[in-house]
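*Asks:* First the structure, then my questions, so here it is.
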């Protein structure tokens, strides 16, 4: 059994893949609770798609994909802010317009400029393609996410729970929102390496959704999200290695299974409590 | 030098971006420290907008707003709001204690952790609002009345001098309503200033000395008994109110 677990790790690229997967899962899981409870799932999905043109352009220009992606995400966030600002249109409408426009541009650029295979892993992830420099970047993003969340935890709490009070004490909820969007953009960019643009939403939403079935406390939700994300990544990784299937979908399906189990547990518990209360 | 009024508003005009009409027109209002003022008017009269402008939550007004002689955005520690229920995300996972601690943030400074003094003030506020036993509960699980006690406890922990309460009586049980008024009376007795927006005329005569009737502009302002005339109410609410009972 131990041999089965250790065997894949004897290859450097496989080991890097697992480390990359764990780092991406860690960064996403840290933000997951805020994505779920602040209702940022749609904008998270939009960001993941909106980075596509940035990635393609960076690829063509030969600069780091990370920076191309981050630039595209920044433009998308500002665009969404401008369209929905001053209450002209609702934010989800603005997100819909920007998200689909950017993604279409990305697909067009991909089809014109590169072969599909070159950037196919951006859409679906390629955990075994993680390089040493990627790992350094991913570690940087995880460290930054941890530091920012630890420093501004109480600020995020008040801006999320009661924006009016937040303004009254001089803390702009918009600034906090942009801070979270910035973190979201960076974690999304590192996570597309492992699960791809299409499935990255799962890493951002499903862990905290499952954890929220089990606990109502934010810190517990965050801790459980972390545990489930890391477990799903390890399980998905080995299944993908031995089953010879793509890692992204297996990680996502493992997380989804965790959610189904948590959902079932929560309903069973509620049912039992109601019966006991009678 | 005479003490600045708690609130000074002159010729305030405001319209929301993209709107064709003003929400507030030429509103002027001075509230002295220690006053307990009811801001009365129908829904859509601009009560919440006025409170938000005082806090600096909306930009783009014309006219002057001062809190203790300063623009509101320069004295955060002196103004607190109990916002309308609908602006709070009650489903967000926070405990009662965490919410009340939010009242201490302004004294704490950004990115700092609460000190013992902050925890003591939170305990004191919880006890005053009689919700110590709820401290570790999730705020979303509580009743409307309990939630309003939490919000008032947060305001007590904030220890502000000017308290703005936006429709605090909605969805609140009688016991909580009495506790809210009792607390506000004690606060104003201690020199704090309180402004409460409400569309409930029933509470005016018992709990307030001064009423400001607002319907985009100020319709009447003064002693509750003097301004609460059928004419004022009809003008503010746009209907004939109990006119047959007027002497």
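Residue numbers (this note's numbering), protein chains in the order written: chain A, 488 to 765; chain B, 1023 to 1269. No residue lacks a Cβ here, since even glycine has one placed at the ideal position from N, Cα and C.
Tell me, please, whether the stretch 667-682 of chain A touches the stretch 503-519 of chain A by the rule of three or more beta-carbon pairs shorter than 8 Å.
*Replies:* Short answer: they touch.
*Asks:* Which residues, in chain order, does the stretch 706-733 of chain A contribute to contact with chain B at a C-beta distance below 7 Å?
*Replies:* Against chain B - using a Cβ distance shorter than 7 Å - the residues of the stretch 706-733 of chain A are 708.
*Asks:* So, at 8 Å on beta carbons, what are the nonlocal neighbours of residue 1033 of chain B in its own chain, with the 5 sequence-adjacent residues on each side left out?
*Replies:* The residue you call residue 1033 of chain B lines up with position 11 of the second chain. Result list for residue 1033 of chain B: 1048, 1049, 1050, 1084, 1085 and 1086, in chain order.
*Asks:* Would you be able to state if there are at least three C-beta pairs under 8 Å between the stretch 537-551 of chain A and the stretch 648-664 of chain A?
*Replies:* With the cut-off at 8 Å, the stretch 648-664 of chain A and the stretch 537-551 of chain A do not touch.
*Asks:* What does residue 1079 of chain B reach in chain A if we use C-beta pairs closer than 9 Å?
*Replies:* By 1-based counting over the second chain, the position of residue 1079 of chain B is 57. Within chain A, the residues near residue 1079 of chain B are 650, 651, 654 and 655.
*Asks:* So what's residue 1114 of chain B in DSSP terms, helix, strand or just coil?
*Replies:* By 1-based counting over the second chain, the position of residue 1114 of chain B is 92. Correct three-state label for residue 1114 of chain B: coil.
*Asks:* Compute the Euclidean distance between the alpha carbons of residue 1141 of chain B and residue 742 of chain A, then round it to the nearest angstrom.
*Replies:* Translated into positions along the second chain, residue 1141 of chain B becomes position 119. Translated into positions along the first chain, residue 742 of chain A becomes position 255. One C-alpha to the other measures close to 39 Å.
*Asks:* Restricting to Cα atoms, I'd like to know which of A/693, A/677 and A/632 is closest to residue 608 of chain A.
*Replies:* Within the first chain, numbered from 1, the residue matching residue 608 of chain A stands at position 121. Among A/693, A/677 and A/632, the Cα nearest to that of residue 608 of chain A belongs to A/677.
*Asks:* List, in chain order, every chain B residue whose beta-carbon is nearer than 8 Å to that of residue 633 of chain A.
*Replies:* Your numbering for residue 633 of chain A matches position 146 in the first chain. Under the 8 Å cutoff, chain B gives no residues; its nearest Cβ is about 14 Å from residue 633 of chain A.
*Asks:* Are residue 1157 of chain B and residue 1148 of chain B touching if we call contact CB-CB under 9 Å?
*Replies:* Position 135 of the second chain, counted from the start, is the residue given in the question as residue 1157 of chain B. Position 126 of the second chain, counted from the start, is the residue given in the question as residue 1148 of chain B. Going by C-beta atoms, residue 1157 of chain B is nearer than 9 Å to residue 1148 of chain B.
*Asks:* Under 9 Å between beta-carbons, which chain A residues line up against residue 1195 of chain B? List them in chain order, please.
*Replies:* What you label residue 1195 of chain B is simply residue 173 of the second chain in a count that begins at 1. Residues of chain A passing the Cβ test: none, with the nearest at roughly 22 Å.
*Asks:* Does residue 1232 of chain B come out as helix, strand or coil in the three-state DSSP assignment?
*Replies:* Counting from 1 along the second chain, the entry for residue 1232 of chain B is found at position 210. Of the three classes helix, strand and coil, the one that applies to residue 1232 of chain B here is strand, per DSSP.
*Asks:* Tell whether a beta-carbon distance below 9 Å holds between residue 1252 of chain B and residue 1220 of chain B.
*Replies:* Numbered from its first residue, the second chain carries residue 1252 of chain B at position 230. Numbered from its first residue, the second chain carries residue 1220 of chain B at position 198. No; because the gap between Cβ atoms is not below 9 Å, this pair is not in contact.
*Asks:* Would you mind stating whether residue 616 of chain A and residue 504 of chain A have Cβ atoms separated by less than 9 Å?
*Replies:* Along the first chain, one-based indexing puts residue 616 of chain A at 129. Along the first chain, one-based indexing puts residue 504 of chain A at 17. Yes, these two residues count as a Cβ contact at 9 Å.
*Asks:* If you measure beta-carbon to beta-carbon, which residues of the stretch 1118-1135 of chain B are closer than 9 Å to chain A?
*Replies:* Within the stretch 1118-1135 of chain B, the qualifying residues are 1120, 1121, 1123, 1124, 1125, 1127, 1128, 1130, 1132, 1133, 1134 and 1135.
*Asks:* Under 9 Å, Cβ to Cβ, is there at least one residue of chain B near residue 577 of chain A?
*Replies:* Here the question's residue 577 of chain A lines up with position 90 in the first chain. So no, residue 577 of chain A is outside the interface.
*Asks:* Taking the CB atoms as reference points, tell me whether residue 748 of chain A and residue 632 of chain A lie closer together than 9 Å.
*Replies:* To locate residue 748 of chain A, count along the first chain from 1; it is residue 261. To locate residue 632 of chain A, count along the first chain from 1; it is residue 145. No, these two residues do not count as a Cβ contact at 9 Å.
*Asks:* Distance check for residue 530 of chain A and residue 717 of chain A, CA to CA, integer angstroms please.
*Replies:* Reading the first chain from its first residue, position 230 is the one you call residue 717 of chain A. Reading the first chain from its first residue, position 43 is the one you call residue 530 of chain A. In a straight line, the C-alpha of residue 717 of chain A is about 24 Å away from that of residue 530 of chain A.
*Asks:* At what residues does the alpha helix (DSSP H) containing residue 753 of chain A begin and finish?
*Replies:* The count along the first chain starts at 1 and reaches residue 753 of chain A at position 266. Here the alpha helix (DSSP H) through residue 753 of chain A covers 734-764.
*Asks:* Could you check which residue in B/1068, B/1056 and B/1132 has the C-alpha nearest to that of residue 1237 of chain B?
*Replies:* Indexing the second chain from 1 puts residue 1237 of chain B at position 215. Closest option to residue 1237 of chain B, Cα to Cα, is B/1068.
*Asks:* Please list, in chain order, all residues of the same chain as residue 1151 of chain B whose beta carbon is under 8 Å from its beta carbon, the five residues on each side excluded.
*Replies:* Locating residue 1151 of chain B in the second chain gives position 129, where the first residue counts as 1. The residues are 1171, 1172, 1174, 1175, 1178, 1201 and 1205.
*Asks:* List the residues that DSSP assigns as beta-bridge partners of residue 1217 of chain B.
*Replies:* Along the second chain, read from residue 1 onward, the residue named residue 1217 of chain B stands at position 195. Looking at the DSSP assignment, residue 1217 of chain B forms a beta bridge with B/1059 and B/1186.
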